[in-house]
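**Student:** Quick one: the structure is below, questions incoming.
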Amino acid sequence: IEESLEDLRYNNIVIATDADVDGMHIRLLLITFFLQFFPEVIKEGHLYILQTPLFRVRNKKETIYCYSEQERRDAIEKLSGKPEITRFKGLGEISPDEFVHFIGDDIRLDPVMLDKDKSIEELLSFYMGKNTPSRQEFIIENLKVELDAVEE
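Numbering of the sequence shown is given in the working numbering, commencing with residue 64 and proceeding in unit increments.
As structure tokens, this is what we get:
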């Protein structure tokens, strides 16, 4: 990609990290790398983030991977009875045999997109600069928290 995007081998670059705070930090660092050195990869829509499942809900006949609490509740209802529920804490807990089930046709990718109103320099300055109080305020105002429901 140093020369041109014409030679991208697979057309897309996918960032796969855990869906926790550490994983988010790694994503930010990788996105910053591309913004700094290869902004065209993002501008041309080649950078994606892999969504990884938070839960596996299964019975003896079917396995459903869930990416939210709502999907988990729907899967429990669909499978009825007492299905086995596994909470994934990270990619390391997902075996290669299972990983293949959610990177095939049902892969969930979030595109990394640029705000057309901001320059790359502004973005890098905001997310990686010395403006800690304003960045902290932005994070707090935009934070979305999803709590695990307690099963009875």
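Glycine residues also receive a C-beta, built at the ideal position from the N, C-alpha and C atoms. Computed from a predicted model, the values in this text were never measured in an experiment.
Between arginine 171 and glutamine 114, is the Cβ-Cβ spacing less than 9 Å?
**Tutor:** Yes, the Cβ-Cβ distance between arginine 171 and glutamine 114 is below 9 Å.
**Student:** In whole angstroms, what is the alpha-carbon distance linking valine 120 and leucine 71?
**Tutor:** Spanning the two alpha carbons is a distance of roughly 37 Å.
**Student:** Identify the residues that DSSP records as bridge partners of phenylalanine 118: which are they?
**Tutor:** The partner list for phenylalanine 118 (beta bridge, DSSP) reads Cys129 and Arg150.
**Student:** So, using beta-carbon positions, are threonine 95 and tyrosine 190 closer together than 9 Å?
**Tutor:** Yes, these two residues count as a Cβ contact at 9 Å.
**Student:** In three-state terms, what does DSSP make of valine 104?
**Tutor:** Helix at valine 104.
**Student:** Let me make sure I understand the geometry here. Which of Glu147, Phe118, Ile183 and Ile203 has the alpha-carbon closest to that of tyrosine 106?
**Tutor:** Checking the sequence shown, residue 106 turns out to be lysine, not tyrosine. Comparing Cα positions, the closest option is Ile183.
**Student:** Can you grab the Cα-Cα spacing for the pair isoleucine 112 / leucine 154, in whole Å?
**Tutor:** Roughly 13 Å between the two C-alpha positions.
**Student:** Taking the C-alpha atoms as reference points, what is the distance between tyrosine 128 and arginine 90?
**Tutor:** Spanning the two alpha carbons is a distance of roughly 22 Å.
**Student:** Terminal residues of the continuous beta strand (DSSP E) containing aspartate 173?
**Tutor:** 172-174 is the span of the beta strand (DSSP E), which, as asked, contains aspartate 173.
**Student:** Does the beta-carbon of valine 163 have 16 or more other beta-carbons within 10 angstroms, so that it is buried, or is it exposed?
**Tutor:** Exposed: under 16 other Cβ atoms inside 10 Å.
**Student:** Using alpha carbons as the reference points, say which of Leu142, Met176, Ile202 and His109 lies closest to tyrosine 73.
**Tutor:** That would be His109, whose Cα lies nearest to the Cα of tyrosine 73.
**Student:** Judging by CA-CA distance, which residue of Lys193, Glu66 and Thr126 is the nearest neighbour of aspartate 160?
**Tutor:** Comparing Cα-Cα distances from aspartate 160 to each of Lys193, Glu66 and Thr126, the minimum goes to Thr126.
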